[in-house]
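Student: Have a look at this one.
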Amino acid sequence: MLSRRTFIKKSSLGLGLFAIPNSATFLFDNDFISKRPKVSERKFTSTTVENTIKTIKKSIADPELSWMFENCFPNTLDTTVKFYQKKNRPFTYVITGDIDAMWLRDSSAQVYPYLSLANEDEKLKNLLKGVINKQIECVLLDPYANAFFDDASKISEWKDDLTEMKAGIHERKWEVDSLCYVIRLSYNYWKTTGDSSVFDDEWKKAMLLILKTFKEQQRKDSKGPYKFQRVNGNPLDTQFAGGYGNPTKKIGLIHSMVRPSDDAVFYPFLVSSNMFAVVSLRETAEIFSKILKDENSSIQFKNLAKEVDEAIQKYAVLNHPTAGKIYALEIDGFGNALFMDDANVPNLLSIPYLGYASKDDEVYRNTRKFSLSVANPWFSEGKFAKGIGGPHIGEHKIWPLGLIMQALTTDDDEEIISVLKMLKATHAGTGFIHESFDVDNPKDFTRSWFAWANTLFGELILHLHKTKPEILKRKF
């Protein structure tokens, strides 16, 4: 963890409904000196990204917020990417930060905010194509794995997991969202740049494998080929029933053994990930129809999306005793449900961000209120912040990912400002966004180098610069 300077000046947020008991402003002796690596030590440099940082910093009146943006937005490019050519194609290996492995989910989310700049920078555009190509290589190696090595000879610390580990795999936790994130990056790369060259034979083969995998995990005829258990004794790190999870009634939803937090699910139908699958399947259908001219496959993707969507609406919208009609996070098809929300994305809070439903959807509005209230067992409130955490870290800690998603899914200026104040108050003097922190002690945080959270914070600032620039003109 980077050392911080002088600490803490307490003040009231003065935001009524969105206020927290206490906030903290970190003061520095160094006038907010950049925490980025030296130029010579950066993994990748984009002129367009650098110019964007300069432009947006000028629009941010709060010097600390501006400093955080400068540190965080380029963090993925500065510290986590390895760009190279293989078989005359670009490849980009993206680590999470302090873990030297490439998660399909994290790598997509880490580079996603750079998509809007790709048309202005061919070098950046090739880097993004390289991420897509690398992800396709990973999916074809094993669609059930969530994290991979660039060096197939590297031995994973999880090599003894009770599942089918292959060379090149770091971890083999089956997470529906991992494959959805691959589709999201490919689809939005095409929509942003107009470049369909990534949709080659390997890409098509990987998408058809994803379709096959999703159908296998509907488990209509059998339990399917995947099972997972871990022998480290942590119940969040393994699965029930011989590695197949708790029993389910086969209702058309896709089983997911693990949440985006990398924690085991309790009920195998993870609703937010199935929502993400609906969006991703429809996006893939569009590509197969418009670009690949394969209507037969396009219809298969559409039909699966329709089936999953109908099952969500029929089985996952339930009455909560205090929140009313909301989406459950997990269900089993027998009528059992888990009413909670987890800070990782996809979660219930992120439904409009994923493109499944609008911010104004009635069930989403109810669900959002539930997620951001004490009715959610993993909502915590303390001296310095309040928001969503999760079992992965434990009680009294919240994830900045959840705070950032809260700001990305509201149009309420005061709520956004309260989130920015909490993010400022809880970086513990490092200038970076962490995995989690204690609501009563921001110095007690996990993961000082977590590129997804840093880049998502950058995405929030870009979003505000485009949609609510007046907020960035305020000092907090």
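Counting in the working numbering, the sequence shown runs from 23 upward without gaps.
Ideal Cβ positions, reconstructed from N, Cα and C, are used throughout, including at glycine.
1) Let me know if S380 comes out buried or exposed under the rule of 16 or more other beta-carbons within 10 Å of its beta-carbon.
2) On the criterion of 16 or more Cβ atoms from any shown chain inside 10 Å, does N369 qualify as buried, or is it exposed?
3) My output table needs one value for D460: the three-state DSSP class, helix, strand or coil.
4) What are the start and end residues of the alpha helix (DSSP H) that includes V220?
5) Along the alpha helix (DSSP H) that carries V293, what are the first and last residues, could you check?
6) If you compare alpha carbons, which of A450, K446 and I426 is closest to F482?
7) Reducing DSSP to helix, strand and coil, say where L478 ends up.
8) Grouping DSSP H, G and I as helix and E and B as strand, with all else coil, what is H487?
9) Is there contact between the segment 379-394 and the segment 440-454, where contact requires at least three CB pairs shorter than 8 Å?
10) Helix, strand or coil, according to DSSP, for F467 in the structure here?
11) What did DSSP end up calling L494 once you bin it into helix, strand or coil?
12) Which whole-angstrom value describes the C-beta separation of S68 and D183, a residue pair presumed to lie in contact below a C-beta threshold of 8 Å?
13) Per DSSP, which one or two residues make a beta bridge with L360?
14) For the segment 112-119 against the segment 71-84, do three or more pairs of beta-carbon atoms, one drawn from each stretch, fall closer than 8 Å, so that the two count as touching?
15) If you check the beta carbons only, do Y203 and A131 fall under 9 Å apart?
16) Of all the options T431, L430, T432 and G409, which has the alpha carbon lying nearest to the alpha carbon of W421?
17) Can we say the segment 353-364 touches the segment 258-277, given the rule of at least three CB pairs closer than 8 Å?
18) Along the beta strand (DSSP E) that carries N341, what are the first and last residues, could you check?
19) Ends of the beta strand (DSSP E) at F113?
20) So what's G346 in DSSP terms, helix, strand or just coil?
Tutor: By the coordinates alone:
1) Taking the sequence shown and counting its residues from 1, one reaches residue 380 at position 358. It is exposed - the Cβ of S380 has fewer than 16 other Cβ atoms within 10 Å.
2) Against the sequence shown, residue 369 aligns to sequence position 347. The residue in question, N369, is buried, as its Cβ has 16 or more Cβ neighbours within 10 Å.
3) Here residue 460 refers to the residue found at position 438 when the sequence shown is read from its first residue. D460: strand per DSSP, three-state reduction.
4) Start at 1 with the first residue of the sequence shown, and residue 220 comes out as number 198. Counted as a single uninterrupted DSSP element, the stretch harbouring V220 is not any alpha helix (DSSP H), since DSSP gives it neither H nor E.
5) For the purposes of this step, residue 293 is taken as residue 271 along the sequence shown, with counting starting at 1. Its alpha helix (DSSP H) spans residues V293 to K312.
6) Stepping through the sequence shown from its first residue, residue 482 is reached at position 460. This sequence places Leu at residue 482; Phe is not what is there. Among A450, K446 and I426, the Cα nearest to that of L482 belongs to I426.
7) Here the question's residue 478 lines up with position 456 in the sequence shown. Three-state DSSP puts L478 in a helix.
8) Mapped onto the sequence shown, residue 487 falls at position 465. In the structure shown, H487 sits in a helix (DSSP, three-state: H, G or I).
9) No: the two stretches stay apart, fewer than three of their Cβ pairs being nearer than 8 Å.
10) Position 445 of the sequence shown, counted from the start, is the residue given in the question as residue 467. The answer is strand: DSSP assigns F467 an E or B state.
11) Taking the sequence shown and counting its residues from 1, one reaches residue 494 at position 472. Of the three classes helix, strand and coil, the one that applies to L494 here is helix, per DSSP.
12) Here residue 68 refers to the residue found at position 46 when the sequence shown is read from its first residue. Here residue 183 refers to the residue found at position 161 when the sequence shown is read from its first residue. That belief does not hold up - the Cβ atoms of S68 and D183 are roughly 37 Å apart, past 8 Å.
13) Position 338 of the sequence shown, counting from 1, holds the residue named residue 360. For L360, which the question treats as bridged, DSSP gives the partners E352.
14) These segments do not touch.
15) Mapped onto the sequence shown, residue 203 falls at position 181. Mapped onto the sequence shown, residue 131 falls at position 109. By the CB criterion at 9 Å, Y203 and A131 fall inside the cutoff.
16) Counting from one through the sequence shown, the residue named residue 421 turns up at place 399. The closest CA to that of W421, considering only T431, L430, T432 and G409, is found on G409.
17) Between the segment 353-364 and the segment 258-277, the count of C-beta pairs closer than 8 Å reaches three or more; the two stretches touch.
18) Residue mapping note: residue 341 aligns to position 319 of the sequence shown, counting from 1. In the DSSP annotation of this structure, the continuous segment of the beta strand (DSSP E) that includes N341 starts and ends at V339 to H342.
19) Indexing the sequence shown from 1 puts residue 113 at position 91. From DSSP, the beta strand (DSSP E) with F113 extends over R111 to V116.
20) By 1-based counting over the sequence shown, the position of residue 346 is 324. When DSSP states are grouped into helix, strand and coil, G346 belongs to the strand group.
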